[in-house]
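K.L.:
Quick one: the structure is below, questions incoming.
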Amino acid sequence: MKTQGFNYFGTSRYWWLLLLAGILLIIGGFAYWFWPAAGYAVASVIFGWLLVLTGVVQLCVSAGRNRPRGWGWWLAGGVIDVFVGFMLVSNVFLAEAVLPYFLSFVFLYAGLMAFVQAFGGGRGSGWWLYLINGILLVVISGFFLCGGYFQEMNMVSFLAALAFVYWGFIVSAFAYDLRPRRIE
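Under our numbering, the first residue of the sequence shown carries the number 18, and numbering increases by one thereafter.
So this is what it looks like as structure tokens:
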């Protein structure tokens, strides 16, 4: 079986782990969207654990024997996600105060990574989708930064639910793009 990657990061046989993380992000985002009374603290802990899971998946993909091209980005993203996730999980009071800023940083990093995918991987057929994704993620990052500055918890809660649902769909689509393809 030969595999060939058509995106910047190549392919990986661990694509299903990233798909699982994306599905969990979607479920967590919808759960917070439909039950906002569960509390801001609970949301920060749930999203913290989801970030830890996503970071561990990224670290596993970057450390695998058949690691994809651009594995350094996977490694950096995994370290950042695990760090931010453990910060959110370890101290609930700190998490409530700085959750918007952490989320702003995570989405800014993801947006910059999408820009690298758009411009660094050559001009394939779908490069503009990565560009649009990068622009949307940077805009979401700005909304979190403004929402955190004004401490509007309703806005931050709504944005967190919406952003994690969006991020879950993007991670799931990216996982599908990473799966090895059989060339006949």
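Even for Gly, the Cβ is constructed at its ideal location relative to N, Cα and C.
Please list the terminal residues of the continuous alpha helix (DSSP H) segment that includes Trp-33.
P.N.:
Counting along the chain, the alpha helix (DSSP H) containing Trp-33 begins and ends at 32-51.
K.L.:
Between the Cα of Tyr-183 and the Cα atoms of Arg-198, Ala-135, Phe-124, which residue gives the shortest distance?
P.N.:
Of the candidates Arg-198, Ala-135, Phe-124, the one whose C-alpha sits nearest the C-alpha of Tyr-183 is Phe-124.
K.L.:
Where are the alpha helix (DSSP H) runs, 4 residues long or more, that stay fully inside the stretch 127-166, in chain order?
P.N.:
With a minimum length of 4 residues, no continuous alpha helix (DSSP H) run stays inside the stretch 127-166.
K.L.:
Which residue wins for smallest C-alpha separation from Leu-68, given the options Phe-191, Ile-149, Arg-84, Gly-102?
P.N.:
Residue Gly-102 is the option with its Cα nearest to Leu-68.
K.L.:
Classify Asn-150 as buried or exposed, calling it buried when 16 or more other Cβ atoms lie within 10 Å of its own Cβ.
P.N.:
Buried, because 16 or more other Cβ atoms sit within 10 Å of the Cβ of Asn-150.
K.L.:
Start and end of the alpha helix (DSSP H) containing Gly-81?
P.N.:
Where Gly-81 is concerned, there is no enclosing alpha helix (DSSP H), given that its DSSP letter is neither H nor E.
K.L.:
Give the C-beta separation of Ala-192 and Leu-35 to the nearest angstrom, bearing in mind that I take them to be a contact with Cβ-Cβ under 8 Å.
P.N.:
The pair is a contact, with the Cβ atoms about 4 Å apart (cut-off 8 Å).
K.L.:
In three-state terms, what does DSSP make of Pro-197?
P.N.:
The answer is coil: DSSP assigns Pro-197 none of H, G, I, E or B.
K.L.:
Spell out a yes or no on whether the stretch 157-164 and the stretch 105-121 are touching, meaning 3 or more CB-CB pairs, one atom from each, closer than 8 Å.
P.N.:
Enough Cβ pairs lie closer than 8 Å, so yes.
K.L.:
Just tell me which of Val-96, Leu-42, Leu-105, Ala-112 has its CA closest to the CA of Val-78.
P.N.:
Closest option to Val-78, Cα to Cα, is Val-96.
K.L.:
Closest to Phe-64 by C-alpha separation, out of Val-73, Phe-51, Leu-41, would be which residue?
P.N.:
Checked all of Val-73, Phe-51, Leu-41; the closest Cα to Phe-64 is Leu-41.
K.L.:
Determine the burial state of Trp-90: buried for a count of at least 16 other Cβ atoms within 10 Å of its Cβ, exposed for fewer.
P.N.:
Buried, by the Cβ-count rule.
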